[in-house]
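This report concerns only the one structure given below.
Numbering (this note's numbering), first residue to last: 213 to 555.
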């Protein structure tokens, strides 16, 4: 019994010994954790990233493997068929110092998006222009572009139709290429009848002009003794006259009576002169968020003018070929409301 007591002592001693052992174990585990932490912080060996741009993918992967670096591959079309399978870009760049095990982003060429030239004859030139812009939107230099200005010829084909192209369809594309086009102006000296607009309300006149195919220009003038405000008071050439499609038709309107909560004015914007009329649309976004179309017409170009009567805060948006080209907000009575002399 005395011997056991000499080994283990009483209960109080046993508790002290257990506490010391526990404390020692905690200290030991802490020392091990700190050691592991510093080993982890020290991390992998620092190495220099090789420059693999312009190299074949297989060769680039071997170089990265030797350096214990790992690729993250992205594919992209390029401007030359000879680039296919080569590295276009890398991140981090060659010469950067990183730790082993780092992932390196590699952009690999899939070659060219187009291998041969398509047949564009018979298609609308504006559709082709938009298609090529979309196709090469992200390219620093487009693989295929249109040579402008185009060559135009009168023909029985609708205006804007591609009649000829050079190089011809089927030509191989291995480097940036400029495409020359011959485009139809439409039939030569087409005559159209000018609609009779005098006396019509502005809204009715816009409907007539929209489908008439005339090269119209609006301005403002005072109503005569027999004219009503808000109507067409004069036009030149007169209604039912035969004119060519590029003949400007001047339409003079008298402003309507002032209406509370409405602003009357004349929208103006100068468009590029076109060889043939292009689809133009003017829309108004009302303060309520509703959108209304004021006019849709084919327009040759030059100064585009149109009367409007809208709530303040409305936004006028001009489109050509369904692409927005200009917008302005109506915030106050337009300074263009001028009472001009009669024709």
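Note that beta-carbon positions come from the ideal geometry of N, C-alpha and C, so glycine has one too.
How is the alpha helix (DSSP H) around residue i delimited, first residue to last?
| i | result |
| --- | --- |
| residue 410 | Neither: residue 410 is in no alpha helix (DSSP H) and is coded neither H nor E. |
| residue 335 | First-last for residue 335: undefined, no H or E at that position. |
| residue 277 | 269-278 |
State yes or no: is the C-beta of residue i within less than 8 Å of the C-beta of residue j?
| i | j | result |
| --- | --- | --- |
| residue 410 | residue 446 | yes |
| residue 498 | residue 532 | no |
| residue 396 | residue 437 | no |
| residue 480 | residue 521 | no |
| residue 274 | residue 282 | no |
| residue 461 | residue 470 | no |
| residue 257 | residue 309 | no |
| residue 508 | residue 422 | yes |
| residue 530 | residue 542 | no |
| residue 329 | residue 382 | yes |
| residue 356 | residue 344 | yes |
| residue 359 | residue 387 | no |
| residue 212 | residue 466 | Because the chain is modelled from 213 through 555, residue 212 falls outside the range shown and cannot be assessed. |
| residue 398 | residue 327 | no |
| residue 427 | residue 394 | no |
What residues are listed by DSSP as bridge partners for residue i?
| i | result |
| --- | --- |
| residue 508 | 493 |
| residue 482 | 515 |
| residue 488 | BP columns for residue 488 are empty, so no partner. |
| residue 363 | 394 |
| residue 427 | 460 |
| residue 317 | 284, 303 |
| residue 536 | 531 |
| residue 384 | 328 |
| residue 418 | In DSSP, residue 418 forms no bridge with anything. |
| residue 541 | 527 |
| residue 389 | 356 |
| residue 521 | 476 |
| residue 403 | 456 |
Please report the residue range of the beta strand (DSSP E) in which residue i lies.
| i | result |
| --- | --- |
| residue 294 | From DSSP, residue 294 is part of no beta strand (DSSP E); its letter is neither H nor E. |
| residue 358 | 356-358 |
| residue 500 | Segment: none, residue 500 is in no beta strand (DSSP E) and carries neither H nor E. |
| residue 378 | 374-378 |
| residue 311 | 309-311 |
| residue 259 | 258-260 |
Select from the options the residue whose C-alpha is nearest the C-alpha of residue i.
| i | options | result |
| --- | --- | --- |
| residue 289 | 354, 308, 257 | 354 |
| residue 313 | 380, 536, 260 | 260 |
| residue 299 | 398, 460, 467, 272 | 272 |
| residue 392 | 503, 362, 381, 500 | 362 |
| residue 373 | 382, 352, 495, 333 | 333 |
| residue 534 | 494, 414, 503 | 494 |
| residue 513 | 523, 492, 524, 265 | 492 |
| residue 429 | 348, 511, 265 | 511 |
| residue 402 | 433, 384, 390, 367 | 367 |
| residue 305 | 270, 262, 320 | 262 |
| residue 516 | 526, 538, 504 | 538 |
| residue 320 | 286, 527, 339 | 286 |
| residue 464 | 318, 381, 347, 518 | 518 |
| residue 496 | 400, 435, 536, 376 | 536 |
| residue 318 | 303, 540, 240, 384 | 303 |
| residue 455 | 418, 404, 420 | 404 |
| residue 315 | 338, 284, 341, 297 | 284 |
| residue 459 | 432, 348, 488 | 488 |
| residue 322 | 457, 269, 231, 337 | 269 |
| residue 452 | 345, 234, 424 | 424 |
| residue 478 | 433, 358, 235, 501 | 433 |
| residue 369 | 267, 390, 340, 400 | 400 |
| residue 294 | 266, 426, 237, 301 | 266 |
| residue 472 | 523, 444, 506 | 523 |
| residue 377 | 331, 341, 349, 371 | 331 |
| residue 525 | 504, 500, 505 | 500 |
| residue 301 | 342, 307, 264 | 264 |
| residue 307 | 441, 444, 279 | 279 |
| residue 335 | 415, 371, 311, 347 | 371 |
| residue 337 | 486, 297, 296 | 486 |
* Every unbroken beta strand (DSSP E) within the segment 429-487, with a cutoff of 3 residues, ordered by chain -> 444-448, 454-456, 460-465, 475-483
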